[in-house]
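Asker: Input: one structure, supplied below.
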Amino acid sequence: MSNKPILGVLLGNSAGVGPELVAKLAVMDYYKDYCRPVIIGDMRMFERGLQVVGGDVPHYTITDLTECDWDKGYPVLDLKDQDPEKVPYGVADVYCGASDLHQLDTAVDLCKAGKIEGFLFGPFHKGAMKMAGMHVESEHTYLAEKFDLTTPFCEVNMMDDLMTVRTTSHIPIS
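In my numbering, the protein residues as written are -8 to 165.
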């Protein structure tokens, strides 16, 4: 595992399914085939995600990536910014949107510092992120700005021999 890239795994929006998706993939031991994951978000939300999916994995809190030891389980860079008792589940909310931005900013900073080689994330809520101060249309544009990207960019999804690119963006159903 030591030759695999260190990737940040962001929990995504606490009011949505992000923490459960991240937890489910951890329970399935999915990440180990591809990377050395560092979960980024509030530890309590990761643990709630584990509870929701009915599973558990060894995990521990870190404050710095030098503390990662994947033999001990999943390192969680605990942002301590989401109390599960205060999350308005299923609703766009500034509290959760602020955490979305915090997760992205943390991952960007870690990438720029060379501490992680990339990151992936559970679903964010663009509306909640805008409530929390995001001034652009999406997390993709937000990331392009954070990385000072001036060339064209887009979302590309790849799996095996299939590659898709987004031609439209989705809007919330409710």
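Just so it is clear, CB atoms sit at the ideal spot from N, CA and C, and this is done for glycine as well.
Between the stretch -6 to 8 and the stretch 97 to 108, can you find at least three pairs of beta-carbon atoms closer than 8 Å?
Answerer: yes
Asker: With a threshold of 7 Å on Cβ separation, who are the neighbours of residue 44 within its own chain once the five nearest residues in sequence on each side are excluded?
Answerer: 11, 14, 15, 18
Asker: For residue 19, name the three-state secondary structure that DSSP assigns.
Answerer: Judged by DSSP in its simplified three-state form, residue 19 adopts coil rather than helix or strand.
Asker: Hey, residue 56 and residue 29 are a contact pair by Cβ (cut 8 Å); roughly how many whole angstroms apart?
Answerer: 6 Å
Asker: Name the DSSP beta bridge partners of residue 65, please?
Answerer: 50
Asker: DSSP on residue 10, reduced to helix/strand/coil?
Answerer: helix
Asker: Return the residue from the list 36, 92, 143 that minimises the CA-CA distance to residue 166.
Answerer: Outside the shown range of the chain (-8 to 165) lies residue 166, about which nothing can therefore be said.
Asker: Smallest Cα separation from residue 116: which of 95, 136, 110?
Answerer: Residue 116 has its Cα closest to that of 95, out of 95, 136, 110.
Asker: Could you tell me which of 6, 122, 123 sits nearest to residue 39, measuring between CA atoms?
Answerer: 6
Asker: Which class does residue 2 belong to by DSSP, given the choice of helix, strand or coil?
Answerer: coil
Asker: Assuming residue 91 contacts residue 148 (C-beta within less than 8 Å), just tell me the rounded distance between them.
Answerer: With a contact defined as Cβ atoms closer than 8 Å, residue 91 and residue 148 miss out at about 20 Å.
Asker: Checking 8 Å against the spacing of the C-beta atoms, do residue 52 and residue 67 come in under that value?
Answerer: yes
Asker: Alpha carbon to alpha carbon, how far is residue 139 from residue 61?
Answerer: 32 Å
Asker: Assign residue 110 to one of two classes, buried (16 or more other C-beta atoms within 10 Å of its C-beta) or exposed (fewer than that).
Answerer: buried
Asker: Buried or exposed for residue 112, please, with buried defined as at least 16 other CB atoms from any protein chain shown within 10 angstroms of its CB.
Answerer: buried
Asker: In its own chain, which residues sit with a C-beta less than 8 Å from the C-beta of residue 59, not counting the 5 before and 5 after it?
Answerer: -3, 27, 29, 53, 66
Asker: Since residue 155 sits in a beta bridge, which residues does DSSP pair it with?
Answerer: 148
Asker: State yes or no: is the C-beta of residue 41 within less than 8 Å of the C-beta of residue 33?
Answerer: Note that the C-beta distance between residue 41 and residue 33 is not below 8 Å.
Asker: Who pairs with residue 28 in a beta bridge, going by DSSP?
Answerer: -2
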